[in-house]
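First comes the structure, then the notes that go with it.
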Amino acid sequence: MAATERVAPADRITMSTIPQGIGLGLRVDMAQAFLEAKPDDVAFVEVHPENYVARGGRYRQNLARAQDLYPVLTHGLTTCFGQLEPFDATYLAQLKRFLADVDTPWHSDHLCFGGAGGAFAHDLLPIPFTDEALDTVTQRFTEVRDAIDRELAFENVSYYAPMSADPLDEARFCVEVLERADAKLMLDVNNVFVNSRNFGFDPKAWIDLVPPERVVQMHVAGHLVRDDGLRIDTHGEPIPEGVYELLDYTLRRTGPRPVLLERDNNIPSLGELLAEVRRLNAIYRDAVGEEAA
Ligand SMILES: [Fe+2]
């Protein structure tokens, strides 16, 4: 379907129940304890399709149990929209079936590239904020959305080398992609915060540039602060105060949106994770109103 013929996103998204509140990433290290505890504080789970497509065993069993208990949202790692190589058509067909299976209201992946020339970087690498990149990203994003026939969002990434004289150009570039591709945003609040500290800008000014109606979901996480002050987006530390505060600011602009706590490394006890979820729930309720949480 061409971009101009698309069904209104709002009509498509209401096909499924949109979770409101705080979610957790279903990770193999915590899945068993989490699925046994079935905590009420958690509103949804998020999964990486790459862990399930063409795969059985424990991952699939955990997912089936999670589907019985919670709404499931999906977030990809390998269908990056800044990539130049052709997408794998077989994988996109499998992805489409998987997304239909879990009935996610939208899928998301990253505004970055993950490799070049056949080499896979195992990292999310930033793209330049140029007109050429804008054309590429818009076309690639549209191609994936058409292939999965489902609403699609891109996520802003963290990066460590200056990509522009004005770091707010990243937000302006995101807005251009949102408008040109009629896209949705998976707003990673921690990535905005990490970049703001590394490149010296006001993260709220970044958030202010984003049209709130384009945001479908948010991510929050902790990050490492090195001795030299550089912040690294590890998803391996507790959420710092600055990220909690920026989430509060962002939710007050967007209204209720599902917020995922990303913890992928140094995964603590379920009790510690749920303590962070409870703090996030309190911020969420305070920012968007009691009835929405
Ligand atoms: Fe994220």
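Going by this note's numbering, the sequence shown opens with residue 4, and the numbers climb by one from there.
Each residue gets a CB set at the ideal place from its N, CA and C atoms; glycine is no exception.
Bear in mind the structure is a predicted one, so any value in this text is a computation, not a measurement.
{"Check": "Beta-carbon gap between R234 and V197 smaller than 8 Å", "Outcome": "yes"}
{"Check": "Cβ neighbours of V219 in the same chain (closer than 6 Å, five flanking residues each side left out)", "Outcome": "W109, A156 and K187"}
{"Check": "Top-ranked residue by Cα proximity to Y94, from L80, D106 and G24", "Outcome": "L80"}
{"Check": "Counterpart residues of H51 in DSSP-defined beta bridges", "Outcome": "Bridge partners of H51: none, in fact."}
{"Check": "Secondary structure of L128, DSSP reduced to three states", "Outcome": "strand"}
{"Check": "Whole-number beta carbon distance between V262 and L283, since they are thought to touch under 8 Å", "Outcome": "6 Å"}
{"Check": "Alpha-carbon spacing of F37 relative to F84, whole angstroms", "Outcome": "32 Å"}
{"Check": "Span of the alpha helix (DSSP H), counted from its first residue to its last, around F196", "Outcome": "V192 to F202"}
{"Check": "Simplified DSSP assignment, three categories, for F84", "Outcome": "coil"}
{"Check": "Pairwise C-alpha distance: E154 and P12", "Outcome": "Its pLDDT being 45, under 50, P12 is placed unreliably by the model, and nothing is read from it."}
{"Check": "Bounding residues of the beta strand (DSSP E) (the contiguous stretch that carries A156)", "Outcome": "E154 to E158"}
{"Check": "Span separating the alpha-carbon of E265 from that of E135", "Outcome": "32 Å"}
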